[in-house]
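Structure first, commentary second.
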Amino acid sequence: MSDITELEKPVETGHQMRDEIRQISDRVRGRRQLRSRIMVTLCATALSVTAVPLFLLLYQLFRRGLPVILHAGFFTQLPQTPSLITPNATGGVSNAILGSLVLTLYAAIMAIPVGVLVGVYLAESDSKLAASLRVIAQTMAGAPSILMGLFAFSFVVRDLHVGFSAIAGSFALAVLMLPVIVISSEIAVRGVPNTLREAGLALGAKPHKVSLKIVLPAAVTGIVTGIILAISRAIGETAPVLLVIGGGYINSWKPLDPVSALPLSIYENAKSEWPSLRTEVWGIALVLVVFVFVLSLSARIWASRKQQAR
Amino acid sequence: MSIIIPPDFGTHEEVVPEFNSGTPSRSWYHYLLIAASIVFAAVSVGFVGTILWNSLPEWSHHTGTLLGGSGWQAPLGPFGGLAMIVGTLETSVIALVVAVIIGLGTSISIVFLVPRRFRNVIATLVELLAAVPSIVYGLWGFLVLAPWMLNTVDPFLNRLPFAREVFGNSSQEFGTSLLLAAIVLSVMILPTFVAISREVISVVPQDLIEASLSLGATKWQVIREVVLPTAKIGLVGATFLALARATGETVAVALVAGGVANTQFHLLYPGTSIASWIATEFGEAQGNEIAALMALGVLLMIVNFGLSLISRGLVSRQRKVLAIV
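Chains Z and A are the protein sequences, given in the same order.
Residues in the first sequence are numbered from 337 upward in steps of one, following our numbering.
Residues in the second sequence are numbered from 184 upward in steps of one, following our numbering.
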């Protein structure tokens, strides 16, 4: 502001005035640019401050994890508890890998049909029920995952007398996945151009035929992408399964058996007193992260391919 | 955690044909959709209702203890929640402040400083990092950062003047502490915050930026006077989402905070948070303690639902503001 008032001082000739304006402008520009340069440098610093710990994390994960998963039997053997005689015998994590796959599979079977149908309903209806379901889905999507564990424990494990089991864990994960699938399916169905719907209706098709035969096929990319993202979130969650799956030490796919899961065995091995188990845990973490990365990258690449094709 | 912020569906100018618009009788398909919706609503109501119902015994008798009492006497009670509530606040607020300051700089850099061809790669990388399960962040904090804290950071902090009043003694043997929990949380919520705030910043209309540049504004002036004010509401929304994630984080905090119901809130002492306390105590809990843990869950739910309702409202309001511009 002061720089502008300086400009208003009376000056004798146009020549002098021009010089003076130039001087002030040079001075102010120098200050502005210095300030800009400092702030931009600070922003760049922030970028590197963000990058450093995250790269360290990934680097250490791969450096410590790769030797573990290359170790014979890591994927095929059951875990062993090390003893004083064999302090390095950790076995493998086949039960946790199978458990994670089974948990996610059952959860997907429970969550996908309901989630997609609700998403379609939200996209195609204007009713009050739809509006309130939308708010519920958005709120549930961010709910802390430990609460799903509490819900599954009280409802499935205790009230239904199912006990600690794979199905209880899958129920918790399904509750976690549902709102994510609902929201992404709604977005996908709404993304279908209205002209397609109108063309179908104009040809005399019944509304449900239009929805099933025209809108759903057109929206399938977005729906599947949302499902994959929901699965990749569910497979990495520890808290909901921690309370209800029981942590079984055998390979089992049966819904009523207690099972283990990759995140759960990371949590338990990390706290172990055995150094060999604390080394092995990096391998488990690497397997989990690779699962998650492959899932979310494939969803992303597939979605962008389809978009280009359109 | 996946980040999906749905577009705003509040207004319906382009009306989608209703199911019953042409047909006098509703089809089976319509009823199927309604049935699925009712299942979803029932699950959601059951979710809230079950946790509330199971926590009732505790709320009806010991509300005061739960909200302000210290000490958690495991089998019978009293169950004081003060340590967990303050621990949650302390860790998540510190984590949020760090993550928002650094994350904002990072998002600005990604949108305005990084060359265009790297921008998509970095954005994808950030979203991948946001998808890394929180247990992996906890593992890294527990096995890598905790020894480093114990050997390097804690002794250094203790040598600073007045540090004892703020940080307390670092006398624990593992290096796990509330401070470490806050650090791990901030690293963990950074990708989440950056992913959303980058999106919010990058949709600021190019016209506004170019108009400002053509008036001779420097890069920082454009950011400060045009970009940040335009994106303000969305950025606040992103902050609330990050806070919701930090308060709800369970296993990472359970690993690195130390898991002690400690009411001396110095940062270098081990502590705990609501979510991680539920996770660590639930395995051996019986009767009353289960009710008390459920009551802590209710607290967490109220805070979290409040935060996410606010943040989603803000982000969709941002969309409307930008649509007008």
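Every residue gets a Cβ at the ideal spot worked out from N, C-alpha and C, and that includes glycine.
For residue i, which three-state DSSP category applies?
i	result
Z/V580	coil
A/S208	Per-residue confidence for A/S208 stands at a pLDDT of 48, beneath the threshold of 50, marking its modelled position as unreliable; the derived number appears in the next sentence. Three-state DSSP puts A/S208 in coil, outside helix and strand.
Z/P415	strand
Z/V595	strand
A/W255	strand
A/F345	coil
A/F301	helix
Z/F410	coil
A/F262	strand
Z/I357	helix
A/F339	helix
Z/W589	coil
Z/R636	helix
Z/F391	helix
Z/A541	coil
Z/V498	coil
Z/G465	The identity of residue 465 of chain Z in the sequence shown is Leu, whereas the question assumes Gly. Z/L465: helix per DSSP, three-state reduction.
Z/V528	coil
Z/L420	coil
Z/E609	coil
A/L426	helix
A/H449	coil
A/F357	coil
Z/T381	helix
A/L398	coil
Z/V546	helix
Z/T475	helix
Z/G572	coil
Z/G707	Shown here, chain Z extends from 337 to 646; a query on residue 707 of chain Z therefore has no answer.
Since residue i meets chain A, which of its residues come closer than 7 Å, beta carbon to beta carbon?
i	result
Z/Q359	In chain order: nothing, as chain A lies at least about 16 Å away.
Z/V385	I285
Z/T475	F488, S491, L492
Z/S568	A314
Z/L548	Y212
Z/I602	I318, L322
Could you list which residues in chain Z have their beta carbon closer than 8 Å to that of residue i, in chain order?
i	result
A/F339	The contacting residues do not exist; A/F339 stays about 18 Å from chain Z at best.
A/G404	Note on residue identity: the sequence assigns Gln, not Gly, to residue 404 of chain A. Going along chain Z in sequence order, the residues near A/Q404 (Cβ under 8 Å) are R368, S372.
A/V370	P389, L390, L393
A/A458	P480, I482, A575
Pop quiz: residue i and residue j are said to be a contact at Cβ under 8 Å. What is the actual Cβ separation, rounded to whole angstroms?
i	j	result
A/L362	A/L451	6 Å
A/I318	Z/T574	5 Å
Z/G427	Z/Q416	4 Å
Z/S506	Z/A443	4 Å
Z/L512	Z/M484	5 Å
Z/A635	Z/L592	At roughly 32 Å, the Cβ-Cβ gap does not stay under 8 Å, so Z/A635 and Z/L592 are not in contact.
Z/T475	A/S243	Actually they do not touch by this definition, with Cβ atoms about 26 Å apart.
Z/L469	Z/L458	6 Å
Z/L537	Z/V551	With a Cβ gap of about 11 Å, Z/L537 and Z/V551 do not count as contacting.
A/L367	A/A435	First, the amino acid is wrong: residue 367 of chain A is Val here, not Leu. Their Cβ separation, rounded to whole angstroms, is 6 Å, which keeps A/V367 and A/A435 in contact under 8 Å.
From the DSSP output, which residues share a beta bridge with residue i?
i	result
A/G441	A/G454
Z/G427	Z/P415
Could you work out which residues of chain A lie near residue i, taking near to mean beta carbons separated by less than 9 Å?
i	result
Z/Q643	By Cβ distance, chain A contributes nothing, its closest Cβ being about 14 Å from Z/Q643, past 9 Å.
Can you name the residues of chain Z whose CB is closer than 7 Å to the CB of residue i?
i	result
A/R300	Within 7 Å Cβ-Cβ: nothing; A/R300 doesn't reach chain Z, min ~16 Å.
A/N237	S490
A/Y452	Chain Z residues near A/Y452: none, gap ~19 Å exceeds 7 Å.
A/R495	Q474
A/S292	C379, A380, A382, L383
Against residue i, what residues of chain Z qualify as contacts under a CB-to-CB distance less than 9 Å, listed in chain order?
i	result
A/V498	None at all; the shortest Cβ gap to chain Z is about 10 Å.
A/S395	Within 9 Å Cβ-Cβ: nothing; A/S395 doesn't reach chain Z, min ~12 Å.
For a contact meaning CB atoms closer than 8 Å, what does residue i contact in chain A?
i	result
Z/F647	There is no way to answer for residue 647 of chain Z, as the model of chain Z reaches only from 337 to 646.
Z/R399	What Z/R399 touches in chain A: nothing, since even the nearest Cβ is about 11 Å away.
Just checking: is the beta-carbon of residue i within a distance shorter than 7 Å of some beta-carbon in chain C?
i	result
A/V327	Among the protein chains of the structure shown, namely Z and A, there is no chain C.
* **At least 3 beta-carbon pairs within less than 8 Å: the region 447-462 of chain Z vs the region 217-224 of chain A** => yes
* Asked: Using 8 Å as the threshold, is the region 384-404 of chain A in touch with the region 463-478 of chain A, meaning 3 or more CB pairs across them?
  -> no
* **Stretch pair the region 483-493 of chain A + the region 423-432 of chain A: three plus CB contacts closer than 8 Å** => yes
* Does the region 283-298 of chain A come close enough to the region 363-379 of chain A to have 3 or more Cβ pairs within less than 8 Å? -> yes
* Asked: Is the region 263-273 of chain A in contact with the region 453-463 of chain A, if contact means three or more CB pairs nearer than 8 Å?
  -> yes
* Asked: On the three-pair Cβ rule with 8 Å, is the region 371-391 of chain Z touching the region 598-613 of chain Z?
  -> no
* **Touch test, the region 251-261 of chain A against the region 492-501 of chain Z, Cβ-Cβ under 8 Å, three pairs minimum** => no
* **Given 8 Å, three or more beta-carbon pairs between the region 375-384 of chain Z and the region 291-302 of chain A** => yes
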